[in-house]
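UniProt numbering numbers the first residue of the sequence shown as 1 and each following residue consecutively.
A short worksheet on the structure shown next.
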Amino acid sequence: LSLTGHKIYGPKGAGALFIRQGVKIVPLFYGGSHEKKRRPGTENITGIVGLAKTLEIAKQRREQDFKQLSALADYFIGAVMANIRDAFLNGPHTNRVPPTVNLSFKGVEGESIVLALDLEQVAVSSGSACTSGATEPSHVLAA
């Protein structure tokens, strides 16, 4: 499991990697013996402390944030489904990550929706982050 601070309102440049016991990883960079020879360089102490505080706050707010994000997603899904013909919710309405809503619209190309909603200051994407800018469908979303 990996996580990065800036995705949870924490500092950029700090993250965590949880490795199952017995799993060996190969370093991406060489030149130092830090972290059992997994990486070179000096630790970003301020980033690490900031990430720890971010995780502490996230733990305290988890239930409250989950309820709020679930309510917002439910409202959004309801509004779209009630007002836009040929809109489809991909995946279950329940048992999903609350701030993530996956919709499709019959006969409408994704990029035109992205541009129109961007003008209205609504943040959306037409694919997964791992294929940002690609012209082919995401292997993640196709799975």
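For every residue, glycine included, the Cβ atom is placed at its ideal position computed from N, Cα and C.
Terminal residues of the alpha helix (DSSP H) in which residue i lies
i: S2; result: Premise fails: S2 lies in the beta strand (DSSP E), S2 to T4, not in any alpha helix (DSSP H).
i: F76; result: I45 to N83
Buried/exposed call for residue i, threshold 16 Cβ in 10 Å
i: L28; result: exposed
i: G10; result: buried
i: G107; result: exposed
i: G5; result: buried
Limits of the beta strand (DSSP E) - the one that residue i falls within
i: A16; result: G15 to L17
i: L117; result: Unbroken run through L117 is the alpha helix (DSSP H), G110 to L119; no beta strand (DSSP E).
i: L28; result: Counting along the chain, L28 falls outside any beta strand (DSSP E), and DSSP gives it neither H nor E.
i: S104; result: L103 to F105
i: A87; result: A87 to L89
Cutoff 8 Å; reference residue i; Cβ partners in own chain excluding five residues on either side
i: T46; result: P11
i: M81; result: A87 and L89
i: R39; result: P27, L28, F29 and G32
Sequence-distant residues of the same chain with beta carbon closer than 6 Å to residue i, five excluded per side
i: V114; result: V124 and S126
i: E111; result: S126
i: L117; result: V124
i: I48; result: A14
Own chain partners of residue i with C-beta closer than 7 Å, once the 5 adjacent residues on each side are dropped
i: residue 155; result: No answer is possible for residue 155: the residues shown for the chain start at 1 and end at 143.
i: I19; result: I25
Say whether the stretch 13-27 touches the stretch 35-53, bearing in mind that this needs 3 or more beta-carbon pairs closer than 8 Å, one atom from each stretch. yes
Would you be able to state if there are at least three C-beta pairs under 8 Å between the stretch 93-102 and the stretch 71-79? Touching, per the Cβ criterion.
So, do the stretch 87-99 and the stretch 65-74 have three or more beta carbon pairs nearer to each other than 8 Å? yes
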